[in-house]
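What follows is a short report on a single structure.
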Amino acid sequence: MSKINELFNEKLNVINVGIESFKDDMSKQHATVTHLEWTPPGRGKIEIIAALDKLEEPSVAKKIEAANKLAVERIVNSQPVLIGFDQAINVVPGMTKTTILHAGPPITWDKMNGPMKGGVTGAIVFEGLAKDLDEAAALAASGEITFSPCHEHNCVGSMAGVTSASMFMHIVENKTYGNIAYTNLSEQMSKILRMGANDESVINRLNWMRDVLGPILKEAMKLSSNGIDLRLMLAQALHMGDECHNRNIAGTTLLIQALTPLIIQTDFTTEQKKEVFEFVASSDYFSGPTWMALSKCALDAAHGIENSTIVTTMARNGVEFGIRVSGISGYTWFTGPAQKVIGPMFAGYKPEDSGLDIGDSAITETYGIGGFAMATAPAIVALVGGTIDDAINYSTKMKEITTTENQNVTIPLLNFMGISTGIDVQKVIQTGIMPIINTAIAHKDAGIGMIGAGITNPPVEAFEKAILALSETI
Amino acid sequence: MIVQVIVKANTYFDSVSLMSLSTKANQIDGVEQAIIAMGTEMNKEVISNVGLMTVEIEEAKTSDLMIIVKAENERICANALEEIEELLTKKNTTKGTSEARYSTIKSAAENIPEANLVVIAVNGAYAPREAKKALENNLHVMMFSDNVSVEDEIELKQLAHEKGLLMMGPDCGTAIIGNVALCFANAVRKGNIGIVGASGTGSQEISVRIHEFGGGITQLIGTGGRDLSKEVGGIMMLDGIKALEEDEATKVIVLVSKPPAPSVEEKVLAQIQLCTKPVVVWFVGGDEEKVTKAGGHFAKMSKEAALKAVLLAGADESKLNKRALNLPLIEEVRAKLTSEQKYIRGLFSGGTLCDEAMHIAMEKFSDVYSNIQREPEYRLKDVKVSQGHTFIDFGDDQFTQGKPHPMIDPSTRIERFIQEAKDPSVGVILMDFVLGFGAHEDPVGVMLPAIIEAKQLAESEGRHLEIIGYILGTELDSQNIEGQVNKLIAAGATHASSSQNAGLLAREFVVKGE
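Top to bottom, those sequences are chains A and B.
Numbering-wise (our numbering), the first sequence opens with residue 13 and increments by one.
Numbering-wise (our numbering), the second sequence opens with residue 7 and increments by one.
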């Protein structure tokens with residue numbers, strides 16, 4: 013029987029594209045109708061649609077499909093394990109005493125925004141390269157400081173991402189593929205260097221982290237025989253209501269639970285250990301950077317696969333939002349303007365105080381947690397509009413722009429759906445759906461710190477540039 | 007400025023909710039600043055920094071909720087505090103849709119394995135791309151979108167043909183598949199007659215007449231108006247005929263179209279010859295001999311086509327009300343019209359209804375003009391000005407640029423109607439009113455004031471103006487056809503019972519000296 017004759021004998025099940033009243037009319041006749049949330053592909057731009065069309069030619073599409081399959085397999089199969097802590101100068105590739113790593117795509121001192129400048133000058137003072145913030149600013153402008161994106165050194169950095177030589181780093185090894193990722197330690201909340209604060213209290217805390225917290229964690233992890241399996245812990249944290257970007261209470265509890273038996277065995281004083289535990293307890297955010305390093309570790313393993321259209325990095329420097337795509341190897345960034353972050357603010361602050369979207373933390377969304385896993389964190393739905401349904405909608409919507417579900421990390425509320433994994437540039441451009449990112453809001457001026465949290469999206473320009481480049485190279 | 011502070015002891019809210027509440031509270035009219043926060047040291051520091059510290063706040067404990075409002079006067083403060091209280095106690099009960107959402111055909115197709123048809127009604131610039139995706143995912147397509155290039159149409163139809171799928175359209179407004187009317191179609195009985203139609207309102211008319219004669223429809227396959235052109239070659243109509251031939255439920259096939267391009271007509275006729283089932287052919291203005299030679303049943307007009315179909319499908323002719331023309335009425339109207347009132351003016355929302363009435367008029371008159379005349383000589387020089395007998399299809403592109411189709415908004419005809427009503431050479435104004443899915447809820451009602459006005463105007467000038475209305479629809483359509491008919495008659499118009507009769511009545515009313 014021909015397919016047309018089969019249709020005559022089936023119950024009509026329609027996908028409706030365009031005029032919604034047609035859907036209503038069909039529904040009235042008891043047909044099953046799904047109305048598509050359709051927008052013109054590539055926002056209707058001819059050159060973008062042409063690029064999409066080129067990538068969808070059967071021979072090209074086949075190559076891309078195979079490459080993307082490999083890329084997401086590598087993301088899903090990555091097993092990032094926390095194996096230690098050490099100072100950046102000792103472990104981070106390319107780190108020097110006068111290097112300062114920052115979040116997002118490359119940026120020069122003169123173009124940095126308030127919070128990043130605040131972080132940079134604070135770090136210069138912390139490293140003893142300048143005696144005060146003014147001198148630090150002059151040094152930063154002098155050209156003697158090497159600025160480089162964290163991402164170009166196997167690192168990620170939360171918010172301003174400012175990382176200097178003597179800061180202690182997480183060391184996360186990908187047991188499946190062998191690569192290593194780094195990120196520095198949480199300064200907890202909220203008047204902190206990464207948010208642009210840099211007064212004495214900030215520097216004092218950094219000193220304590222360098223002198224007490226870092227060394228204790230380093231010694232503690234030396235006592236761990238197999239390291240700490242972060243993916244397993246992440247999966248547990250998601251089941252406990254964290255999305256592991258803006259809610260980290262469960263993950264932090266799990267992490268310190270794993271670290272505690274090691275910490276107490278170190279040779280530090282009880283007073284120092286108590287300080288460490290109190291510091292960890294002072295903010296749920298302690299494990300926030302840990303999940304970033306996990307994500308970076310998995311995504312780096314998927315970067316550089318020829319013909320792949322999978323996004324391996326989303327990162328912002330406060331001025332620009334940049335993405336990297338697996339099929340375009342090395343450090344090619346596709347950028348657009350950093351966006352506003354919309355969400356509730358700390359008491360006393362207003363939206364106009366906000367700095368633009370900043371930080372490498374969108375690596376978590378690139379991996380499939382954070383905003384992508386909103387449905388598993390009902391406690392923080394206020395960030396995304398206020399209802400559980402909003403949260404669920406965000407998580408299910410992300411399936412439309414990703415390639416697979418990571419069954420190692422699941423969302424119970426969505427019938428244990430695996431987190432949406434492998435953002436495909438083609439799908440983003442095709443649907444006009446932008447990845448959803450949960451993030452913190454730093455004050456726009458240097459020296460103040462965190463003032464809120466909310467959600468944001470990448471600029472579409474970054475994806476448009478990426479699809480054009482992909483259509484030229486594949 | 008007034009500052010009011012409330013400290014609620016032992017009241018816990020999580021920080022994220024409080025940030026959200028603070029944000030909302032700051033949007034309350036007249037509020038300079040509002041802070042809702044737990045009594046932590048950090049929050050107290052912030053409050054102190056913005057200069058709102060009070061003794062109460064200083065004494066608040068971590069487990070206490072602090073509410074601070076700064077506003078112009080006491081009244082605003084009190085209102086704001088009340089609103090904040092509401093915000094604090096309000097439980098969000100909004101239930102989102104549990105309906106799954108998809109953004110691409112591919113994703114919907116993958117997640118809904120039972121999906122079998124895609125209806126596409128997006129800008130023609132994007133429609134072919136979507137149709138291609140649908141076909142690639144083995145889904146049948148109905149494309150309402152127009153302004154699609156003929157090259158794209160051919161590519162899509164060839165792809166559909168290779169895959170054995172329906173590619174109805176582009177520019178296909180009418181189909182009934184599995185008893186579900188799609189886009190612009192009428193609610194008709196299920197039966198044993200299958201239709202393949204290249205013209206929307208033509209297909210609607212046939213389905214409605216079949217319904218009225220007690221018959222019913224298996225499938226109504228739309229092809230889009232360009233299917234029978236030389237370029238497209240009738241791909242969809244040929245596949246449609248084959249599918250209906252193979253369909254067990256279908257006993258009779260009806261084809262509806264304008265006359266095809268000669269090369270395509272040959273193919274269609276050859277296909278008819280292969281059919282074991284009777285095929286009724288209504289090609290508006292088509293050639294009887296060729297159809298008969300191919301073994302088809304030729305119908306010159308729409309009602310005739312429907313009647314042939316139901317009889318071939320087994321209806322008892324003696325029991326049918328064939329709706330014969332009202333001959334006494336013709337005599338009566340002829341007598342009322344003066345010798346100067348020579349012309350018909352047809353104002354149509356349905357293209358094929360316009361075409362049929364025009365062809366009926368052309369049998370007796372030579373000066374028949376239209377915006378859809380095939381002969382360039384008889385095409386209106388200026389679509390805004392009528393010549394002789396004029397038939398206008400308001401659904402044609404010239405009239406729909408940037409405006410809704412007259413089936414959706416019948417008011418687009420009002421101005422022209424008044425213009426024609428004032429013309430002393432006009433004897434009859436003929437209009438169609440299309441009901442059914444997709445169509446306006448009360449098309450007659452929209453025209454009613456104009457009809458009454460026109461009637462009065464003519465009367466004041468001492469002439470009779472004959473207005474014929476044809477209402478395309480069934481008693482199953484949501485618009486209440488009986489009510490529509492009654493409105494029309496009450497306004498003094500003549501109600502025609504079919505497209506065919508409407509055309510015949512109009513023609514006969516203005517025939518002089520027979």
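Don't be surprised by glycine CBs; every beta carbon is placed ideally from N, CA and C.
In the DSSP annotation of this structure, the continuous segment of the beta strand (DSSP E) that includes residue 336/A starts and ends at 332-337.
Separation of the CB atoms of residue 174/B and residue 147/B is rounded to 7 angstroms, and the pair is thereby assigned contact status at 8 angstroms.
Inter-residue distance for residue 224/B and residue 398/B is about 32 angstroms (C-alpha atoms, whole angstroms). Residue contact check for residue 165/A against chain B: no CB pair falls below 9 angstroms. Here residue 328/A carries a strand assignment [DSSP, helix/strand/coil]. Shown here, residue 343/A sits in coil according to DSSP, grouped into three states, outside any helix or strand.
Under DSSP, residue 349/A shares a beta bridge with 332/A. Fully enclosed alpha helix (DSSP H) runs of no fewer than 4 residues occupy 100-103 of the segment 85-134 of chain A, in order along the chain. For the 9 angstroms CB-CB criterion, residue 193/A and residue 186/A form a contact. By the neighbour-count criterion, in which a residue is buried when 16 or more other Cβ atoms sit within 10 angstroms of its Cβ, residue 346/A is buried. Per DSSP, residue 10/B lies in no alpha helix (DSSP H); the unbroken beta strand (DSSP E) holding it starts and ends at 8-14.
Look at the segment 344-368 of chain A: the residues with a C-beta under 9 angstroms from a C-beta of chain B are 355, 356, 357, 358, 359, 360, 361, 362 and 363. Following the DSSP letters along the chain, one finds residue 471/A in no alpha helix (DSSP H), marked with neither H nor E.
The criterion of a C-beta distance shorter than 9 angstroms is satisfied by residue 84/A and residue 322/A. Burial check for residue 409/B: the Cβ neighbour count within 10 Å stays below 16, so the residue is exposed. Scanning its chain for C-beta atoms nearer than 6 angstroms, with the 5 sequence neighbours on each side dropped, one finds around residue 452/B the residues 416 and 417, in chain order. The three-state reading of DSSP puts residue 452/A in strand, counting E and B together. With respect to the 9 angstroms criterion, residue 165/A and residue 451/A are not classified as neighbours on the basis of their beta carbons. The beta carbons of residue 208/A and residue 454/A sit about 5 angstroms from each other, so the pair counts as a contact at 8 angstroms. Within the segment 367-399 of chain B, not one residue has a Cβ closer than 8 angstroms to any Cβ of chain A.
Residue 290/A and residue 33/A have their alpha carbons spaced roughly 60 angstroms apart. Taking a beta-carbon distance threshold of 9 angstroms, residue 18/B does not count as an interface residue toward chain A. When secondary structure is reduced to three states using DSSP, residue 201/A falls in the coil class, being assigned neither helix nor strand.
Here the alpha carbon of residue 510/B sits roughly 8 angstroms from the alpha carbon of residue 367/B.
For residue 376/A, no Cβ of chain B is located within less than 9 angstroms of the residue's own Cβ.
Counting C-beta atoms within 10 angstroms of its own C-beta, residue 476/B has 16 or more neighbours from the protein chains shown and is therefore classed as buried. In this structure, the CA atom of residue 255/A is about 47 angstroms from the CA atom of residue 161/B.
Within chain A, no residue has its CB atom less than 7 angstroms from the CB of residue 64/B, the nearest being about 16 angstroms off. Secondary-structure assignment with DSSP links residue 409/B through no beta bridge to anything. For the C-beta of residue 169/B, the chain A residues within less than 9 angstroms are, from N- to C-terminus, 15. Taken in chain order, the whole alpha helix (DSSP H) runs of length 4 or more contained in the segment 133-191 of chain A are 145-154. Comparing alpha-carbon positions, the option among 495/B, 222/B, 309/B and 48/B lying closest to residue 256/B turns out to be 222/B. Going by DSSP, residue 417/A is part of the beta strand (DSSP E) stretching over 414-423.
Close partners of residue 249/B in chain A (Cβ separation under 8 angstroms): 14, 16, 17 and 20. Straight-line measurement puts the Cα of residue 375/A at about 19 angstroms from the Cα of residue 82/A.
If you draw a 10 Å sphere on the C-beta of residue 299/B, you find fewer than 16 other C-beta atoms in it, and that means exposed.
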